[in-house]
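First the structure, in the form of structure tokens, and then the observations on it.
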Amino acid sequence: MRFVNDLKKYWAYAKQSAKADLKSEVASSYLNWLWWVLDPLLFMMVYTFIATVVFNGREQYFPIFVLIGLTMWNFFDKTVLGSVRIVKSNHAIVSKVYVPKFILVIQKMLVNGFKMLISFVLIVLLMVAFKVPITYRVLYVIPLLIVLVVITFALGNLMLHFGVFVEDLYNVMKVVLKLTFYMTGIFFSIASRVPAPYNQLLLKFNPIAFVINSSRRCMIYAESPDLRLLLLWGVVGVILSVAALNIVYKYENSYVKVI
Amino acid sequence: MQEREIVIDVKDLKISYRCLKAYSIKKSLMQFKKSKVQVYEAVRGVTFQVPRGEILGVVGKNGSGKSTMLRAIAGIFSPDSGQIDLHGNSVSLLSIGVGFQRKLSGRENILLSGMLLGFSEEQVREKMDEIIEFAGLGKFIDMPVKTYSSGMHSKLAFSITAVLESDIMLIDEVLSVGDARFKRKSYRKMKQLISNEERTVVIVSHSLETLRKLCTSMLWLHNGKVKMIGEPGKVLDAYEEFMSE
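Laid out in structure tokens, this is it:
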């Protein structure tokens, strides 16, 4: 399959480029890599404050609850939004040498994935600090993450394609993603805060809400995720990815002509 | 003369920029009539072959489709019709402001560009010192590329492609950049690259003198079509005459 071959061939480039990106991010800001730790922590505090003080949130282990949501959401949000203009922002490369365009999405996912990893270390530290009982169910977070990655990859590639042709897709996606943010329940529990039929609908049909909610359940509340739904979203994610890849492969050589 | 193996085979190449304009949602809401699709044919049916080891010069006035054709050969554009067959040879395109990431240092960009050209990390690292030395950027090599002057930019770009050798080199208007010293150096390097029988080079340039000295054959594109192809001397004389009219 062309995808596998290309991935093999360009994986080293994607990794190197992601590394360079992260390095330059560190070099250009004053507090350096500390921001990778501070950013999730500070936002966790902001949302915890808003949710507990203003909205009277009562979830157990609330800061961890928020941090898990934020960590996974940021990965999804930054990759999808970043993919909209990814061809344009890599114009210098794309117009000088052939590179499979999905590699640009992979590169972005590696950058954001690294930050997610750091955030996960924070989650583990917080779990220890809050004395969260840890069970084998924590391991369910691995398939959940895989599903998140697959779905993010599919949407990233779709954004990459349509972002080339629709000039203001970026503005549209900013609004759409903000709406999704609230429908995913980053700093509130959808199950208990959203009225009855809608909360179950959101948790089933919004894959990100499903993944985040399940991750919280298996990591801090010792509950298993709905495995059938997990498998279903995994399959949907793969199908979407294949479709998106086909579109990108078909049109990628004309992207440069548009810019 | 023995038959040489063909490495670039271009058949009836056509490239146009039709109906690929980006549209915005606002624009499509405001205009009820569908906006007229603009077709601009940059290359209209070009056919030629380049045997291994040949240095092909390409001339033509601005907008005659030279750069578009080069990009198509490099695999960046897909042709609208026609075929380009490189018979599996590796190809690199060298042009002004080659694909650098502006916020990364020169050194990192060498690594990334090299990897994009299909070399492994080790191969690039091996050649790194040679590239840096050839580019002669001094301490700028560890500064972000955005701090470079346009001359330094081209020097680095030229050095990467010149030192990391691919079977086919496509050169788009870079021989005339850089200071006098670098120009001499790159000219010498070009000579050396060209002396390698295995390498095929396609040069687009407006510097007719350089082309006259370097090339072994010449292609004249006019409005996206081949006007003339053959001996450098003859084609260039005809071209010069045409341009001075």
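Residue numbers (my numbering), protein chains in the order written: chain A, 49 to 307; chain B, 136 to 380. A virtual CB, placed ideally from N, CA and C, is assigned to each residue, including glycine.
- Per the DSSP secondary-structure output, His357 of chain B pairs in a beta bridge with B:Lys360.
- Pairing Phe213 of chain A with Asn331 of chain B, the inter-Cα distance amounts to about 43 Å.
- Those residues of the region 136–154 of chain A placed with their C-beta closer than 7 Å to a C-beta in chain B are Ala140, Ile141, Ser143, Lys144, Val145, Tyr146, Val147, ordered along the chain.
- The C-alpha of Leu89 of chain A lies about 27 Å from the C-alpha of Asn247 of chain A.
- For Leu272 of chain B, the closest Cβ of chain A is not nearer than 8 Å.
- For Tyr184 of chain A, not one C-beta of chain B is nearer than 8 Å to its own C-beta.
- Residue state for Arg242 of chain B is assigned as helix, using DSSP reduced to three classes.
- Think of a sphere of 9 Å around the beta carbon of Ser255 of chain B: the chain A residues whose beta carbon falls inside it are Ala60, in chain order.
- The C-alpha of Gln155 of chain A lies about 50 Å from the C-alpha of Ser379 of chain B.
- No Cβ of chain A is located within less than 8 Å of the beta carbon of Glu176 of chain B.
- When Cβ-Cβ separations below 8 Å define contact, Ser237 of chain A makes no contact with chain B.
- Any Cβ of chain B closer than 8 Å to the Cβ of Ser72 of chain A would place that residue at the interface, and such an atom is present.
- Residue contact check for Lys360 of chain B against chain A: no CB pair falls below 8 Å.
- Residues of the region 234–246 of chain B with a Cβ closer than 9 Å to any Cβ of chain A, in chain order: Gly234, Phe235, Gln236, Arg237, Lys238, Leu239, Ser240, Glu243, Asn244, Leu246.
- The CB of Ala209 of chain B comes closer than 9 Å to the CB of Lys144, Val145, Tyr146 in chain A, given here in chain order.
- The Cβ atoms of Tyr61 of chain A and Ile134 of chain A do not sit closer than 8 Å to each other.
- Linking Gly200 of chain B to Leu356 of chain B through their CA atoms gives a straight-line distance of about 7 Å.
- Taking all protein chains in view, the Cβ of Val223 of chain A is surrounded by fewer than 16 other Cβ atoms within 10 Å, so the residue is classified as exposed.
- Only residues of its own chain outside the window of five on either side were considered, and among them Tyr95, Ala99, Val114 have a CB closer than 6 Å to the CB of Phe235 of chain A, listed in chain order.
- Residue B:Ile211 holds the alpha-carbon nearest to the alpha-carbon of Ala140 of chain A among B:Asp220, B:Arg242, B:Ile211.
- Contact check for Met207 of chain A against Val132 of chain A passes: the beta carbons are separated by less than 8 Å.
- Against chain B, a Cβ distance below 9 Å from Ser131 of chain A picks out nothing, because the smallest value is about 16 Å.
- The beta carbon of Thr296 of chain B lies closer than 7 Å to those of Ser227, Leu229, Met304 in the same chain, with the five residues before and after it left out.
- Around Ala66 of chain A, no beta-carbon contact reaches into chain B at under 9 Å, the shortest distance being about 11 Å.
- Under the three-state reduction of DSSP, Gln184 of chain B is assigned to strand.
- Within the same chain, Ile276, Asp277, Met278, Pro279, Val280 come within 8 Å of Ser240 of chain B by CB-CB distance, once the 5 residues on both sides are set aside.
- Contact between the region 65–72 of chain A and the region 156–176 of chain A is present: 3 or more CB-CB pairs across the two stretches fall below 8 Å.
- Under the three-state reduction of DSSP output, Ser76 of chain A falls in the helix class.
- The C-alpha of Ile306 of chain B is placed about 46 Å away from the C-alpha of Gly282 of chain A.
- Asn205 of chain A is positioned such that its CB atom lies closer than 8 Å to that of Ala292 of chain A.
- Look at Leu305 of chain B: its C-beta is not under 8 Å from any C-beta on chain A.
- Between Phe269 of chain B and Ser294 of chain B a beta carbon distance of about 4 Å is seen, short of the 8 Å cut, so the two are scored as contacting.
- Checking the DSSP bridge columns, you'll see Gly365 of chain B partnered with B:Met353.
- Taking the CA atoms as reference points, Asp220 of chain B sits about 16 Å from Arg139 of chain B.
- Closest in alpha carbon position to Ile238 of chain A, among A:Arg106, A:Thr200, A:Lys126, is A:Arg106.
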